[in-house]
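Read through the structure below, which is laid out as structure tokens, and then see the notes.
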Amino acid sequence: MNVVDASVALRWSIQDGYTPLAQELVSGDGMLVAPDLVVPEVTNALWKMRRSGLIGEEQANRALAEIPQAYTMLVPTSGLIRRAFSIAATLDHPAYDCFYLALSEELGAPLVTLDKRLHARTRSTPWEALTVLLGGGTVPV
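Residue numbers in the sequence shown follow our numbering, run continuously in steps of one, and reach 1151 at the last position.
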């Protein structure tokens, strides 16, 4: 099981093929989880990309349809609020990202991200061992 954040979901949704590490990520037990926050986060990013002309309407619609199906389980953010806030305060990092860390911590599952800033923020913290930068090493499966 892996917690997969919006940065990874967005990359998957706009690319036609998976990178080798992304293939490795989905080849394990196949369980990909995220806070339900991932849906509006990726939707907003797709809207920005569509608005700026980086992607077309067809590609945006295809990506929107794929987002919820990519996950085995979407966990309600309501149960993660206090822990996400605490992590955000500790790391001095936006709370949006900390919902993924809170879920990762709760499940004891790695958080896989493409967010270099988040990954760097977790260094020398209790969350360092849970955070895996996609493309930065082997993905635990």
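Positions of the beta carbon are idealized from the N, C-alpha and C atoms, including for glycine.
Checklist line | Chain-order list of residues whose beta-carbon lies under 6 Å from that of M1041 (same chain, five-residue window excluded) | finding: M1011, T1082
Margin query: For S1062 and S1023, what's the separation of their Cα atoms in angstroms?
Written below: 17 Å
Notebook entry, point to check: In chain order, what residues of the same chain lie with their CB nearer than 8 Å to the CB of P1104, ignoring the 5 residues before and after it?
Noted result: A1098
Margin query: With the cut-off set at 8 Å, would you say V1018 and L1113 are in Cβ contact?
Written below: no
Checklist line | 8 Å contact criterion, which L1128 and L1140 should meet: CB distance rounded | finding: Not quite, the Cβ-Cβ distance comes to about 11 Å (not below 8 Å), so this is no contact.
Check: First and last residue of the beta strand (DSSP E) that includes T1087?
Finding: Note, T1087: premise wrong, no beta strand (DSSP E); not H, not E.
Notebook entry, point to check: Does the separation of the CB atoms of V1049 and P1086 fall below 8 Å?
Noted result: no
Next item on the list: Enumerate in chain order the residues of its own chain whose CB-to-CB distance from E1051 is below 6 Å, with the five nearest sequence positions on each side excluded.
Entry: A1016
Checklist line | Chain-order list of residues whose beta-carbon lies under 7 Å from that of G1147 (same chain, five-residue window excluded) | finding: With a pLDDT of 47 at G1147, under the threshold of 50, the modelled position of that residue is not reliable, and the figure given next carries that caveat. Hits under 7 Å: none found.
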